[in-house]
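Per the numbering used here, the sequence shown starts with residue 0, numbered consecutively.
Glycine is no exception: its CB is placed at the ideal position from the N, C-alpha and C atoms.
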Amino acid sequence: MATSNKIHLRLATNEDVDSIVHVMSRSFQHNAAFVDIFYPDHDTPSGHAQAIQTFQSYWQNYKSHADLVVATTTTKDSEEIIGFALWTYMSSSINLSPPTLAFSPFAKTEDDAEFAKQVWKSFVVPRRSAVLEAEKSHPGTGLWVLEYLAVDPGHQRKGAGRELVQWGLDKARKDATEAIVEGTPPGQPCYRACGFKTVIKEMEYVVEERFEGRRLPEIAFMRHPCR
């Protein structure tokens, strides 16, 4: 097969999760507090192994109503995963993001687990409100949420990120629903280019005073009407 740099999208399999976590680690490095909080030491062998379990567990929780999509290129008969996106369909009756999750499996200490729990509780507030708002405006419907988006640094600015975003927007348009994303600063230009509008410029977190010195995620809450 000839060398090809064309980007292909497909649904991920369980066997892809190792590569997906590698892409996430290389993409965010230690520049995104959210990733470091929920995937500590993701760039070490032990942290990578734990990150695989954490990501797999999160994906399985929503798998019946989610699309985990990978962007690939093919070179010399070998497929390489260069990016991925996790899109989930959420409604109050199906899988509204829980206000708490089990954080102890990946946390190094009880304090780390409690900190992650408090960050998550604040993180999902705008999302849950948007889901409930959508259902109130259009009974029986929900919305599509872009949970994760990452592209390997060696393949950025080639269109993979935009194609992965467009996958979910197409699903949302087909379902006549809205799409939302909690975007880190590096990802926000891509989201704006795809039509997302910033609703909350910087999300706020309520954490105990003992955690106030810790780094908190810099995230904007963005929405796309899609309809």
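Item, Value
"Three CB pairs or more closer than 8 Å across the stretch 105–125 and the stretch 152–168", "no"
"Cβ neighbour criterion (16 or more within 10 Å) applied to ARG226", "exposed"
"7 Å CB neighbourhood of ARG25 in its chain, flanking five on each side removed", "ASP151 and PRO152"
"The alpha helix (DSSP H) enclosing PHE33, as first and last residue numbers", "32–37"
"Straight-line Cα distance separating PRO125 from THR2", "In this predicted model, THR2 has a pLDDT of only 40, less than 50, meaning its place in the structure is not dependable enough to derive any value."
"ARG222: first and last residue of the uninterrupted beta strand (DSSP E) it sits in", "219–223"
"Helix, strand or coil at TYR88 [DSSP, three-state]", "strand"
"Cβ contact check for the stretch 74–86 and the stretch 124–142: 3 or more pairs under 8 Å", "no"
"Proximity winner among ARG209, ASP17, LYS173 and VAL68, relative to LEU8 (alpha-carbon distances)", "VAL68"
"Straight-line gap, PRO39 to SER90 (C-alpha atoms, nearest Å)", "30 Å"
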